[in-house]
Amino acid sequence: MNAENVPVTLPMFDREFNSAPGVWYRRLRQTGAICPIVLPTGTPAFLVTRYDVAREVLRHPALTHDLEFADFSSIPGFTEDQAAALKSQPSTVANTDGDEHHRLRAAISGQFSPRRIERLRPLILDECRRAISSFSESVEVDLVREYASPLTMYVICEIIGIPDADRSQFAEWTRSMLSPRQSDLANMPVAIGNLQSYLNRIVRELPQDLPEGLIRDLTEAPEDVRLSDDEIAAAAFLLLTGGHETTYGLISTILFQLVADARLREATYKSAGSVGAHLEEFLRLNSPLQIALPRYTKEEVEIAGVRIPAGATVVVGIMSADHDEAVFGDDAAERIVESGLRRQPSLAFGLGSHYCIGAALARLEAVLAVDTLLESFSSIELARPSHAMAWRPGLVFGLEELPVRLQRAT
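Quick note: to get my numbering, add 162 to the position in the sequence shown (first position is 1).
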């Protein structure tokens, strides 16, 4: 078939949509495995909605992340100069494939080795406990702004190697850049510019107080494998945007489900004593990313009976694919504790050569953050009804805030 039916706009920046995106994605799955859509940027694209086709697309040789293959001419108001600027940005693991992708991924993979990640465990636990010790039982606590977000910011600063003296300002720029609030949009370009300038500066100057981490390791690498300064700064920026917002989004959605549903919380901990035993099912139900980063067709290709022209943008609907009824059946929350029966893995962290390099770290952060919080309080209640919670608009799925009332365990 041709995907010539009228495209719909993906409403990722609509707050009502983000409170229950599953309804919208279910309707698209019923329409077809690949549906024409318009991304919020105005970009025409093809959205993959079903699990088996998503797995095929994530590893398809005719699809690439290389922006050189992207055709931006169909984006309303997008100029040739803008397209050229986008295509000239430094190479990262997110916009390359093949040998170039392997070179860049190999350079940063050491930061996410099992040894490095395990070394972070006590630091993450200490940070969780430090935050929890500051919580008051007499006032509401926002578990996004006072717990999940600062925790994941701390971890990403440890990974990148941001000097202690700079972390407060670094976190402020990041909050401005990632803020979903309409009132903050004007500050976003300034925050992005400040972050990029800062990272470029410390890569070039290597201040004496620069701690161990990605930047120091990459700048001190042997000359034959050393990345350029621009590539190092771009890698740090990518890890910041990819490792902070997505992880605190995941933590917030898991906490919301467990706090809102006492029976689910009891069943989860009764069966295993830790959310970790059921984390893969929480990931499947609450993918941190609604859609994967865009891929572009190198040539005309037919997938699942849909002809897609060369240069087209293709996005995998991770949240849709991971809820595919043909594969996973009933999505009832109480079935999370049956997740050991699942035979198909979640696509929350991707698949193939672009599988999320920080997946193991994100899992560790989520398990420690959720378990430590729930073990510390005998009672945790939502401070407002579930339906009144504000969900983040945009690519990342998660709560904008999670106000709760706490009572400490005795």
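Glycine residues also receive a C-beta, built at the ideal position from the N, C-alpha and C atoms.
What you are looking at is a predicted structure, and each value in this text was computed from that prediction instead of being measured.
- Closest option to Ile519, judged by alpha-carbon separation, among Ile321, Gln192, Leu313: Ile321.
- Counting other Cβ atoms within 10 Å of its Cβ, Arg292 stays below 16 and is therefore classed as exposed.
- Following the DSSP letters along the chain, one finds Arg425 inside the alpha helix (DSSP H) bounded by residues 424 to 434.
- Boundaries of the alpha helix (DSSP H) around Thr314: 311 to 322.
- Within 10 angstroms of the beta-carbon of Thr171 lie fewer than 16 other beta-carbons, which makes it exposed.
- Going by DSSP, Leu568 is part of the beta strand (DSSP E) stretching over 565 to 570.
- Comparing alpha-carbon positions, the option among Met551, Ser541, Phe559, Glu527 lying closest to Ser298 turns out to be Ser541.
- Sequence-distant partners of Thr415 (beyond 5 residues in either direction) whose C-beta falls short of 6 Å from its own C-beta, in its chain, are Asn448, Gly560.
- Of the residues assessed, Thr241 falls on the exposed side of the cut-off, its CB having fewer than 16 other CB atoms within 10 angstroms.
- The Cβ atoms of Lys249 and Leu266 lie no closer than 7 Å to each other.
- Judged by beta-carbon spacing, Arg554 lies within the 7 Å limit of Glu562, meaning their Cβ atoms are closer than that value.
- For the set Pro456, Ala269, Asp484, the Cα lying nearest the Cα of Leu557 is the one of Pro456.
- For Leu225, DSSP records a beta bridge to Thr459.
- According to the DSSP assignment, Ser541 belongs to the beta strand (DSSP E) that extends over 539 to 544.
- By the neighbour-count criterion, in which 16 or more other beta carbons inside 10 Å mark a residue as buried, Pro507 falls on the exposed side.
- By the Cβ-count criterion, Leu376 is buried, with 16 or more other Cβ atoms from all chains shown falling within 10 Å of its own Cβ.
- By the Cβ rule, the stretch 370 to 390 counts as touching the stretch 254 to 269, because three or more pairs are nearer than 8 Å.
- Taking the CA atoms as reference points, Ser311 sits about 12 Å from Glu334.
- Bounds of the alpha helix (DSSP H) holding Phe444 are 441 to 447.
- The alpha carbon of Ser295 has as its nearest neighbour, out of Ser548, Thr534, Pro252, the alpha carbon of Thr534.
- When C-beta atoms of the stretch 480 to 489 are compared with those of the stretch 180 to 200, three or more pairs fall below 8 Å, so the two segments count as touching.
- In the three-state scheme derived from DSSP, where H, G and I count as helix and E and B as strand, Ile453 is classed as coil.
- If the five residues before and after Arg378 are omitted, its C-beta is found closer than 7 Å to the C-beta atoms of Gly323, Leu372, all from its own chain and listed in chain order.
- For the 7 Å CB-CB criterion, Val352 and Leu568 do not form a contact.
- When only Cα atoms are considered, Ala552 and Gly355 end up about 28 Å apart.
- When beta bridges are read from the DSSP output, Val200 appears opposite Thr171, Pro206.
- Under DSSP, the beta-bridge partners assigned to Glu464 are Arg469.
- With at least 16 other beta carbons inside 10 angstroms of its own, Leu361 counts as buried.
- The beta-carbon separation of His406 and Met350, rounded to 15 Å, does not stay under the 8 Å limit for a contact.
- With fewer than 16 other Cβ atoms from the protein chains shown falling within 10 Å of its own Cβ, Leu368 counts as exposed.
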